[in-house]
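Student: Can you read through this structure? Questions will come right after.
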Amino acid sequence: MRDFDWHLPTKIVFGKGRIGELGERIDPGHRRVFIVTDKTVAERTEALGRTMKAIGDRETAVFDGVEENPAFETIEAGSRQARDFGADLVVGLGGGSPMDAAKGIALKARNRGPLGRYLRGEPLADDPLPIVCIPTTAGTGSEVTPYAVFTDLAGRTKAGYSHPKLFPEIALIDPELTYSMPASVAINTGLDVLTHAAEAYLSTMSFPLNDTLALHALETARARLPGAARKNPDDMDHLAFAAMQAGVAIANASTILPHIAGYPLTLFHGVPHGRASAIMLAAVLAYLRERSSAPEKVAILDKIFGRQGGLEAYLGGLGVSTKLSDYGVREEEIPLYVEKTMVKGDVKITPAEITAETLEAIYRAAL
Ligand code: NAP
Ligand code: FE
């Protein structure tokens, strides 16, 4: 049996209505709370109001300027405000974008110089501020991972970052906060759960304890996503759970090729993150069926979607095309996508030999 390490320092508080417990869950020493969110969550849902009420008599400041796939500039602006405010805790409230932004802001509030420097590997001079994550999508699982993904607009790339000090202190998961998602957001973010689970399971970093979580999350996401897309509360509750579970799975085994190969679809064609990952999961699985070093795992994934006629048919049932041309991707863009993807480390933990030529073939076959 393989050696493995298990590390999850985040306290998980899960349950409907439990946002009301936030104030008593936060360390009493944290008195100045900097809340990071986006405009929709702040203005069109009850999430921010409920969060502020639960925080009680602590001092708060709200930064609601986070866009989808947050840019470096957003992190710099937010961290300046957090520093000026004298924050001693950063709360990320929203989907993966505000939660990742909260992590970046917590890091930059304590470490001078441009964010890009740390993303390129410079060690942190100081620990990031403590972080609490409260997801409103189901979702990225960022509430239980040490990861954050930022968009480098100048370099036209999405840059992932991982640091053990970015694990949130608390993940407060109240499924009621996801009920306000429109169906399109529920589908796009639910597909992220599905792909996290599948990729953590396939990853060459996977190990049996983690596989139990990944497979359970995958089965839950498969079964519950259609109901969540119809806004069925029971299905949405289960998907909020599976999002966290799949988050734990990627915290231990990472995502692999489909995620990073999906980044150019988001960058150049605005395809939402979870949808882009699922499209590329279908494309990468087609390749792994022929050439994987873990064929038994690929067969298990195929069996899970067998009842729906396969992953493509399942996605089709959710209104999700797996044809890249349906999203505006043109053949001449593929070499650039290959170049952007091959430099990412996750290529190496995909259970097959991936070269520029094979990746190009994967994209071409998905056109
Ligand atoms: P998101 O970009 O956070 O949110 C998408 C949109 O959903 C928001 O802009 C917002 O509306 C809307 N929204 C969110 N919650 C809502 C609610 N409860 N009710 C109504 N609307 C709501 O999407 P996401 O998929 O959760 O996060 C994607 C980001 O996470 C990407 O940058 C991705 O790379 C990253 N990610 C991180 C990890 C990790 O481990 N750290 C893992 C996977 C992905 P509007 O569109 O109207 O503004
Ligand atoms: Fe993801």
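According to the working numbering, the sequence shown is numbered sequentially starting from -17.
Every residue, glycine too, gets a C-beta built ideally from N, C-alpha and C.
Nearest to F(-4) by CA position, among A222, W(-12), I232 and V15, is which residue?
Tutor: Comparing Cα positions, the closest option is A222.
Student: May I ask which residues mark the beginning and end of the beta strand (DSSP E) holding E41?
Tutor: E41 to F45
Student: From F45 to T122, what does the alpha carbon distance come to, in whole angstroms?
Tutor: Near 21 angstroms, if we compare the C-alpha coordinates of T122 and F45.
Student: Mind checking who A264 pairs with in its DSSP beta bridge?
Tutor: A264 is not bridged to any residue.
Student: Rounded to whole angstroms, how far is the Cβ of V280 from the Cβ of L293, which I believe are closer than 8 angstroms?
Tutor: Between L293 and V280 the Cβ distance is about 11 angstroms, and since that is not below 8 angstroms, they are no contact.
Student: So A306 packs on A348, CB below 8 angstroms; how close in whole Å?
Tutor: Note that residue 306 is Leu in the sequence shown here, rather than Ala. Yes, they are in contact, since the Cβ atoms of L306 and A348 sit about 5 angstroms apart, within 8 angstroms.
Student: Is T122 near the ligand FE, going by C-beta to nearest heavy atom under 7 angstroms?
Tutor: yes
Student: Can you list the beta strand (DSSP E) stretches of 3 or more residues lying completely in the stretch 138 to 166, in chain order?
Tutor: 139 to 144 and 152 to 155
Student: The alpha helix (DSSP H) spanning R32 covers which residue range?
Tutor: From DSSP, the alpha helix (DSSP H) with R32 extends over A29 to I37.
Student: On the criterion of 16 or more Cβ atoms from any shown chain inside 10 Å, does P190 qualify as buried, or is it exposed?
Tutor: Exposed is the call here.
Student: Out of V18, A29 and P96, point me to the one whose CA is closest to D134's CA.
Tutor: Of V18, A29 and P96, the residue nearest in Cα terms is P96.
Student: Hey, is D174 close to the ligand FE, as in C-beta under 7 angstroms from one of its heavy atoms?
Tutor: yes
Student: Note down, one range per segment and in chain order, each alpha helix (DSSP H) of at least 4 residues found wholly within the stretch 192 to 241.
Tutor: 215 to 235
Student: Is any heavy atom of the ligand NAP found at a distance shorter than 7 angstroms from the C-beta of P80?
Tutor: Yes, since a heavy atom of the ligand NAP falls inside the 7 angstroms radius drawn around the Cβ of P80.
Student: Please state the DSSP three-state secondary structure of R14.
Tutor: strand
Student: Kindly examine the ligand NAP and report whether one of its heavy atoms sits closer than 7 angstroms to the Cβ of H255.
Tutor: Yes, the Cβ of H255 comes within 7 angstroms of a heavy atom of the ligand NAP.
Student: Assign G76 to one of three DSSP states: helix, strand, or coil.
Tutor: Residue state, collapsed to three classes: strand.
Student: Check whether the Cβ of H178 lies closer than 7 angstroms to any heavy atom of the ligand FE, and answer yes or no.
Tutor: yes
Student: Using the Cα positions of R40 and L154, report the straight-line distance between them to the nearest angstrom.
Tutor: 18 angstroms
Student: From E335 to A179, what distance separates their C-alpha atoms?
Tutor: 21 angstroms
Student: Just the Cα atoms here: how many angstroms apart are Y309 and G299?
Tutor: 17 angstroms
Student: Can you tell me whether S275 is buried or exposed? The criterion is at least 16 other CB atoms within 10 Å of its CB, across all chains shown.
Tutor: Exposure of S275 is indicated by the presence of fewer than 16 other C-beta atoms within 10 angstroms of its C-beta.
Student: For A211 versus V175, is the C-beta distance shorter than 8 angstroms?
Tutor: no
Student: Is F(-14) helix, strand or coil when you go by DSSP?
Tutor: coil
Student: Please tell me whether, using a cut-off of 7 angstroms, the distance from the CB of Y129 to the nearest non-hydrogen atom of the ligand NAP is below it.
Tutor: yes
Student: Determine the contact status of E181 and I261, defining contact as a CB-CB distance below 8 angstroms.
Tutor: No, the Cβ-Cβ distance between E181 and I261 is not below 8 angstroms.
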